[in-house]
Amino acid sequence: MPTAILTGQPVPGSSIESELRSLGFAVEYASGAADTETLLARVPAAERVAVVDARFVGHPHALRLGLTDPRFPLAAIPGAVTAQPDARRALTRAMAREHSATAGTAHGAAPVESNAGDTDSLADRITAALDADGAEVHRPELGSLVAAVPADPQARNEARQAVAAVDDEAVRLKSAVKARDGFVTTFFISPYSRYIARWCARRGLTPNQVTTASLITALIAAGCAATGTRGGFVAAGVLLIASFVLDCTDGQLARYSLQYSTLGAWLDATFDRAKEYAYYAGLALGAARGGDDVWALALGAMVLQTCRHVVDFSFNEANHDAAANTSPTAALSDRLDSVGWTVWVRRMIVLPIGERWAMIAVLTAVATPRITFWALLIGCAFAATYTTAGRVLRSLTRKATRTDRAAKALADLADSGPLAEAAAKGFGKPARRLPGFTAPAVALLGGLAVVATAALTDFGGPWPLVAAVAYVLTSALAVARPLKGALDWLVPPFFRAAEYGTVLVLAAKADVNGALPAAFGLVAAVAYHHYDTVYRIRGGAGAPPAWLVRTIGGHEGRTLVITALAVLLTATQFKLALTVLAVAVALVVLVESIRFWVAAHKDGAPAVHDEGEPA
């Protein structure tokens, strides 16, 4: 149990002790700096500890924000400071410094300067000492919430009046909603889903439980779609919307109750993809029951959507910590955001998950799976063109120096296997003399060559294999030097499009029943690996282990193997080979991913809260 040490003289009528206990803290009283230091030393090193001024006046949610957020090792608000186990040493050092300063002043020494101003709050002085030591102290945005240590009765009365004037619960509910969200979510989901989140919080439900409920609901929706009946399609559309409501609720519950975790962020992100792609499969199965084969459209939708996400991930990683990051295009975008109606238009046309799922649900209920997939493909293609073009313009017009960290992240996202890595070593010196646009150019040309060759030649012919060998070489050249060029963030999405596109085209050219569903499974398994790589990087854990990438071959190795299988096997055998590959890749990446994330959660990895794709 975390411990809160109350310092200073308690004020009659103060509710600070009960508020701290309601937040789960055990409360100890300290008479001064020396006593506080003693009590601090007694708190077990594995527990969170807080130092709070007994005269604190403020909203309970201000205390919650300042003292219970698991994402930050050190945090403070006026009158309170807290440290998690990883930051206990910094807090102890600051406490010792403050005690030494207090003792020196008591014996006639000159007071030690601090950034705490003229306050006599020990918690604030400890925070100032932490700042002086260079520690990173999180200070949450309180907005209209009150957090203060009044110096006299009049100030205390004014602070209490300010607390009474602001509805703590209303602020808490409002802050549970994502600050930047899509039109559908903002106006059709969040107005009531926040209350579902509060209902869940009051019954002790966790965000992970709500996330799981959302997944189960979406899988049931996919099952309803797979029936192929009009009633099943209508039920599927309704359940998909219900799943999305729960998907919004889990994040709002995390923000409402500050229940952030590494495992929760991973579950939320991966389940979103599992729900959407399982629903695509359900629609395709339902269409097949009605005599319409739309597996190629389902696989195309998954490929397009995954490549869109990789564009987002790569661009953000490339510019995460870029120096001198300025662009006239970005400035224009900021100006457009200042015009009210353009904000919503620009958020809607990129077809975020809220708009996308609403469109899918409505079309499922009233139209056919074929129409649903064509609308999805057209909408996502337009959104991909719009966002990618804007990011290309930003990259070309900004003057930025990209870091080694960004180059490493892009290399990890590229997912190069042993073949590309070995060939890249031979290209190292020549690649340094090539123009800056070489990496994305050769990645694009190599990918186009292998996909186009597979599409334009007969199934079983040797030319796709020849193109795949060339693709290995172009992939190696693309990553032969650090990916720090203005457009090098395009390399990973080009690789994804090449690999997934090759699988799609070869399965379609096989023209045998079951080949496209097998290809759908293989692309889903590989895409999961690529999403898992992204979430590891975002969580600060780095890429998956090298043995995993080598085991599943890297993007160029898988492309080469798949084209070789198409040359060596009959269409029926090729379908079986795709199925075996899909199962093998899924088992390897799922087992390693689950092992990693569960271990990270048990080992106390820093809590994260990835807002992910705008809902």
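Just so you know, we're using my numbering here: the sequence shown kicks off at 73 and counts up by one.
Backbone N, C-alpha and C fix where the C-beta goes; we use that ideal spot for every residue, glycine too.
Using a Cβ-Cβ cut-off of 7 Å (strictly less than) and excluding sequence neighbours within five positions of residue i, which residues of its own chain qualify?
| i | result |
| --- | --- |
| Ala269 | Ala248, Thr321, Gln324, Leu325 and Tyr328 |
| Ile443 | Leu435 |
| Pro565 | Cys379, Val382, Val383 and Ser386 |
| Ala542 | Gly518 and Ala521 |
| Ala106 | His171 |
| Gly508 | Gly557 and Ala558 |
| Ala486 | Val551, Val563, Pro564 and Phe567 |
May I ask you to report which of helix, strand or coil DSSP gives residue i?
| i | result |
| --- | --- |
| Ala76 | strand |
| Ile149 | strand |
| Asp484 | helix |
| His381 | helix |
| Asp125 | strand |
| Glu100 | strand |
| Thr301 | coil |
| Ser186 | Residue placement at Ser186 cannot be trusted, given a pLDDT of 40 that sits under 50; what the coordinates show is reported in the next sentence. Coil, per DSSP. |
| Ala539 | helix |
| Thr278 | coil |
| Thr154 | strand |
| His210 | strand |
| Thr473 | strand |
| Gly518 | helix |
| Ala219 | strand |
| Gly336 | helix |
| Gly462 | helix |
| Gly586 | coil |
| Gly500 | helix |
| Gly85 | coil |
| Gly130 | strand |
| His673 | helix |
| Leu330 | coil |
| His171 | helix |
| Ile666 | helix |
| Arg419 | helix |
| Thr164 | helix |
Counting only the same chain and skipping the five closest in sequence on each side, list residues whose C-beta sits under 6 Å from that of residue i.
| i | result |
| --- | --- |
| Phe343 | Thr283 and Leu287 |
| Ala433 | Gly309, Leu312 and Ile313 |
| Asn187 | Reliability fails at Asn187, whose pLDDT of 40 lies under 50, so the model's placement of it is uncertain and no value is given. |
| Leu245 | Arg266 |
| Gly151 | Asp125, Phe128, Ser193, Ala195 and Val221 |
| Glu89 | Val99 |
| Asp604 | Ser665 |
Output the distance between the C-alpha atoms of residue i and residue j, rounded to the nearest integer angstrom.
| i | j | result |
| --- | --- | --- |
| Leu653 | Ala298 | 24 Å |
| Ala582 | Ala597 | 21 Å |
| Arg630 | Thr529 | 20 Å |
| Pro512 | Gly625 | 21 Å |
| His673 | Gly358 | 38 Å |
| Arg474 | Gly500 | 20 Å |
| Asp365 | Ala430 | 24 Å |
| Gly372 | Thr334 | 31 Å |
| Gly215 | Asn229 | 20 Å |
| Leu135 | Arg419 | 34 Å |
| Leu330 | Thr278 | 10 Å |
| Ala750 | His131 | Nothing about residue 750 can be read from this structure; the chain reaches only from 73 to 687. |
| Val256 | Val606 | 26 Å |
| Pro82 | Thr108 | 15 Å |
| Thr623 | Lys347 | 27 Å |
| Ala656 | Trp669 | 20 Å |
| Leu576 | Leu594 | 10 Å |
| Thr258 | Tyr264 | 10 Å |
| Arg610 | Val243 | 29 Å |
| Tyr572 | Gln281 | 33 Å |
| Asp484 | Leu449 | 28 Å |
| Ala569 | Tyr600 | 15 Å |
Report back the beta-carbon spacing between residue i and residue j to the nearest angstrom; my notes put them in contact at under 8 Å.
| i | j | result |
| --- | --- | --- |
| Leu355 | Ala370 | 7 Å |
| Ala102 | Leu95 | About 19 Å separates the two Cβ atoms, so there is no contact after all. |
| Ala170 | Arg211 | According to the sequence shown, residue 170 is Glu rather than Ala. 18 Å between Cβ atoms; not a contact. |
| Ile261 | Val317 | 6 Å |
| Arg93 | Val121 | No, Arg93 and Val121 are not in contact; Cβ-Cβ is about 15 Å, not under 8 Å. |
| Pro142 | Tyr349 | Contact flag wrong, Cβ pair sits at about 30 Å. |
The ligand ATP and residue i: does any heavy atom of the ligand fall closer than 8 Å to the residue's C-beta?
| i | result |
| --- | --- |
| Arg244 | This structure does not include the ligand ATP; it has no bound ligands of any sort. |
For residue i, which residues in the same chain have their Cβ closer than 8 Å to its Cβ, ignoring the five residues on either side in sequence?
| i | result |
| --- | --- |
| Pro536 | Val522, Thr525, Ala526, Thr529, Thr574, Leu578, Thr635, Ala638 and Val639 |
| Asp205 | Ala162, Arg165, Ala166 and Arg169 |
| His179 | Residue placement at His179 is flagged as unreliable, the pLDDT there being 46, under the threshold of 50; the coordinate-derived value follows with that caveat. Here the set comprises nothing. |
Per the contact definition of three or more C-beta pairs closer than 8 Å, is the region 474-486 in contact with the region 553-562?
yes
Between the region 376-386 and the region 537-548, can you find at least three pairs of beta-carbon atoms closer than 8 Å?
no
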